[in-house]
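Chain order of the listed sequences is A and B. If you read the first sequence in the working numbering, its first letter stands for residue 29, the second for the next number, and so on. If you read the second sequence in the working numbering, its first letter stands for residue 27, the second for the next number, and so on. Heads up, the thing below is written out as structure tokens.
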Amino acid sequence: GESVGLHLPTLSVQEGDNSIINCAYSNSASDYFIWYKQESGKGPQFIIDIRSNMDKRQGQRVTVLLNKTVKHLSLQIAATQPGDSAVYFCAERGSRNFNKFYFGSGTKLNVKP
Amino acid sequence: SAVISQKPSRDICQRGTSLTIQCQVDSQVTMMFWYRQQPGQSLTLIATANQGSEATYESGFVIDKFPISRPNLTFSTLTVSNMSPEDSSIYLCSVVFPTGNYGYTFGSGTRLTVV
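Structure follows, in structure tokens:
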């Protein structure tokens, strides 16, 4: 199946700084991507998504960038807060089965007060 | 938004035994999915639970080890059979809802420890 991976396993940032979490994917035919946030003891929660016909999408304090040329995704969190501390996963929708998602290895974000 | 309830939330089981995990959704969904998340790892799809037909398993997962039931459009179970310590993981139920974004909504997971 598709392969999705992350560059950094852990990221520590100071409260108030911006955070950038990166992700690489392998299937150039993938057309839809999602970032999930998983807090301790909980299931992953949807943060933001992006389709392959877009380069950038903004939400509340979060921005996802998609670079199809190098098959790279990033999640930017503005003014990082302690509540942002979690593990973040990118997920790539399967190109053959649109109901399947393949998850990257995850980045743990630690926000220091 | 719809709610997914998983039971049990956690369990400690003896090796060689089996555990059945339940997933209940408060609205009808066509497809339900079971994922495994090993300690400190990402999520791996085990199988797709299809209503009215057998589950579809991913490579590396077999029905004898992870039998799945899907009796209706709001409920599914995953059984972890003949458990060993290597089965210690979080098991997550997820669904795709027909409205809103096209991603998964996850249950809170079942944390399984096999001793």
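Note that CB positions come from ideal geometry on N, CA and C, so glycine has one too.
Backbone secondary structure at residue i - three-state DSSP
i, result
"P8(A)", "Residue 8(A) is absent from the structure shown; chain A starts at 29 and stops at 141."
"E43(A)", "coil"
"P97(B)", "strand"
"D113(B)", "helix"
"I146(B)", "Nothing about residue 146(B) can be reported from this structure: the residues present for chain B run from 27 to 141 only."
"D52(B)", "coil"
"E67(A)", "coil"
"K140(A)", "strand"
"F129(A)", "strand"
"C51(A)", "strand"
"N108(B)", "coil"
"F123(B)", "coil"
"K96(A)", "coil"
"A119(A)", "strand"
"T43(B)", "coil"
"S79(B)", "coil"
"H58(A)", "The identity of residue 58(A) in the sequence shown is Ser, whereas the question assumes His. Here S58(A) sits in coil by DSSP."
Delimiting residues of the beta strand (DSSP E) encompassing residue i
i, result
"R89(A)", "Here R89(A) belongs to no beta strand (DSSP E), and DSSP marks it neither H nor E."
"I76(A)", "Q73 to R79"
"N76(B)", "L69 to N76"
"T131(B)", "Y130 to F132"
"Q32(B)", "I30 to K33"
"R145(B)", "In this structure chain B extends from 27 to 141, so residue 145(B) is not present and cannot be described."
"Q104(A)", "H100 to I105"
"D37(B)", "R36 to C39"
"R137(B)", "T136 to V140"
Cutoff 6 Å; reference residue i; Cβ partners in own chain excluding five residues on either side
i, result
"I116(B)", "Q63, G135 and R137"
"S107(B)", "S44 and K91"
"V121(B)", "V51, V55, M58 and T131"
"K84(A)", "L93"
"Y60(A)", "R79 and R121"
Cβ shell of residue i (< 7 Å), same chain only, five flanking positions each side left out
i, result
"A114(A)", "K65, Q66, E67 and L137"
"Q86(A)", "none"
Nonlocal neighbours in the same chain, by C-beta distance under 8 Å from residue i, ignoring five residues either side
i, result
"L36(A)", "Note that L36(A) scores 46 on pLDDT, short of 50, meaning its location in the model is unreliable; the coordinates nonetheless yield the value given after this. The residues are I49, N50 and T135."
"P141(A)", "E43 and P110"
"D113(B)", "V106, L138 and V140"
Where residue i meets chain E, residues with beta-carbon distance less than 9 Å
i, result
"M58(B)", "Annotation note: the requested chain E is absent from the structure, which comprises protein chains A and B."
Residue i beta carbon near the ligand NAP (any heavy atom closer than 6 Å)
i, result
"A73(B)", "The ligand NAP is not part of this structure, which contains no ligands at all."
Quiz item: Is the region 121–130 of chain A in contact with the region 31–39 of chain B, if contact means three or more CB pairs nearer than 8 Å?
Solution: no
Quiz item: Is there contact between the region 104–113 of chain A and the region 38–58 of chain A, where contact requires at least three CB pairs shorter than 8 Å?
Solution: yes
Quiz item: How about the region 44–60 of chain B and the region 98–105 of chain B: do they share at least three Cβ pairs that are nearer than 8 Å?
Solution: yes
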